[in-house]
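Peer 1: Dropping a structure here in structure tokens format, bear with me for questions.
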Amino acid sequence: MTDKYAVIGHPISHSKSPRIHRMFKEQTGEDISYEAIEAPLDGFIATIERLHSEGYKGCNVTVPFKFEAFKFATELSERAQSAQAVNTLRFDASGIFGDNTDGAGLVADIEHNLGISLRNKRVLLMGAGGAAYGVVLPLLHAGAHIAVANRTAGKARQLAVAFAGSGNVTGCGYDELGEQQFDAIINATSAGLSDSKIELPETIFAPGALAYDMMYGRETPFMAFARAHGARVADGLGMLVEQAAEAFFIWRGVRPDTSPVLEKLRAA
Ligand code: ATR
């Protein structure tokens with residue numbers, strides 16, 4: 004019998020996840036189905052309970068339900084706990100396992116697809132909201148030294164305190180960055196959605212630095228700024244595919260080859 008999976012969000016029609024998981028299915032021969040389901044804003048739990056009772060094996064969870072999924076899970080991975088957010092649920096006989104594959108996806112994209120080791124690298128993480136929390140622990144585990152900068156500086160400092168026991172992480176406002184240089188600058192803010200520019204010092208990129216925007220599908224002001232200052236620029240499409248592959252692995256115990264999938268999405 005085909006095992007059923009889905010991605011739940013609101014809105015969800017734009018999601019590339021069904022396409023990605025269908026490609027994983029074709030590649031691995033795993034007998035699964037995967038669909039996109041839009042839950043009403045006040046109907047996430049009801050939707051999950053319906054899927055559970057209909058025999059679905061798990062689901063991905065996206066905006067704005069990742070915190071509700073975190074609360075709904077009966078067992079959590081360490082990275083879901085640290086993110087305070089869940090993007091992958093697996094329905095087990097013993098309960099509902101919640102994980103967060105976003106950070107692992109980001110690290111895999113940077114290290115494997117872009118070929119850049121994060122060990123002992125100076126990383127500037129822009130933003131201190133849900134997207135930033137989701138990636139800090141995997142970045143620290145990869146050996147990065149993280150400075151978090153945020154428009155509301157207090158939230159960056161709070162994030163740094165929350166992760167102080169897990170590695171090298173500090174928090175500040177953008178105006179406190181001074182002359183510091185970074186090997187990788189990762190945009191985890193939602194500023195790009197409104198085409199807002201975040202003021203960064205012109206000298207922020209170390210030679211050969213990577214500028215990574217977790218968004219995909221548009222050139223953000225951050226990407227344009229980075230390009231103009233000689234940085235190597237990447238968008239978040241690779242992270243999307245890698246976080247999906249990690250979810251597929253959690254469900255199926257099989258790791259898909261992400262490179263042909265990423266190539267097809269880029270070509271589309
Ligand atoms: P997400 O889950 O996408 O992280 P969020 O939790 O609302 O969403 O966080 C949005 C992040 O983008 C925050 O770090 C926010 O900065 P503030 O904490 O100061 O609000 C940041 N952000 C959004 N719009 C921004 C802008 N125009 N300039 C700078 N930072 C912005």
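Final position of the sequence shown in our numbering is 271; the numbers increase by one with none missing. Positions of the beta carbon are idealized from the N, C-alpha and C atoms, including for glycine. Values in this document were obtained by computation on a predicted structure and should not be read as measured data.
1) Excluding the 5 residues flanking Phe-27 on each side, which residues of the same chain have their C-beta closer than 6 Å to its C-beta?
2) According to DSSP, is Tyr-59 helix, strand or coil?
3) Which term fits Arg-255, buried or exposed, when burial requires 16 or more other beta carbons within 10 angstroms of its beta carbon?
4) Could you give the DSSP three-state label for Arg-269: helix, strand or coil?
5) So which of Ile-11, Leu-117, Glu-38 and Gly-220 has the shortest CA-CA distance to Ile-48?
6) Three-state secondary structure (DSSP) at Ser-97?
7) Where in the stretch 31-83 do unbroken runs of the beta strand (DSSP E), each at least 3 residues long, occur, reported from the N-terminal end onward?
8) Are the stretch 106-120 and the stretch 163-181 in contact at 8 Å, needing three or more beta carbon pairs?
9) Between Ala-76 and Gly-101, is the Cβ-Cβ spacing less than 8 Å?
10) For Pro-14 versus Glu-38, is the C-beta distance shorter than 8 Å?
11) Helix, strand or coil, according to DSSP, for Ile-201 in the structure here?
12) Since Asp-151 and Leu-121 should fall inside the 8 Å C-beta cutoff, what is the C-beta to C-beta distance between them, to a whole number of angstroms?
13) Would you mind working out which of Asn-190, Val-139, Ala-156 and Ser-193 sits nearest Gly-168, comparing C-alpha positions?
14) I need the straight-line Cα distance from Ala-83 to Val-89, nearest angstrom please.
15) Is the beta carbon of Glu-205 closer than 8 Å to that of Ala-107?
16) Rounded to the nearest angstrom, what separates Ala-135 and Leu-196 at their Cα positions?
17) Do you know offhand how far Ile-35's Cα is from Gly-241's?
18) Given the structure, does Ser-20 come close to ligand 1, in the sense that its CB is under 7 Å from one of the ligand's heavy atoms?
Peer 2: Quick answer:
1) Shown here for Phe-27: same chain residues with a beta carbon closer than 6 Å to its own, the five before and five after excluded, namely Phe-251 and Pro-259 in chain order.
2) In this structure, DSSP gives Tyr-59 a state outside helix and strand, which the three-state scheme calls coil.
3) Classification for Arg-255: buried.
4) Residue state, collapsed to three classes: helix.
5) Minimum Cα distance to Ile-48 is reached at Ile-11.
6) DSSP, read as helix, strand or coil, puts Ser-97 in coil.
7) Listed in chain order, the beta strand (DSSP E) runs fully inside the stretch 31-83 are 35-41 and 61-64, counting runs of at least 3 residues.
8) The stretch 106-120 vs the stretch 163-181: no contact.
9) Going by C-beta atoms, Ala-76 is nearer than 8 Å to Gly-101.
10) No. Outside cutoff.
11) Looking at Ile-201 - three-state DSSP - the assignment turns out to be coil, as it is neither helix nor strand.
12) According to the sequence shown, residue 151 is Val rather than Asp. 15 Å between Cβ atoms; not a contact.
13) Closest by C-alpha distance to Gly-168, out of Asn-190, Val-139, Ala-156 and Ser-193, is Val-139.
14) Computed Cα separation, rounded: 6 Å.
15) No. Outside cutoff.
16) For Ala-135 and Leu-196, the distance between alpha carbons rounds to 16 Å.
17) Rounded to whole angstroms, Ile-35 and Gly-241 show a C-alpha spacing of 23 Å.
18) Not so, every heavy atom of ligand 1 lies at least 7 Å from the Cβ.
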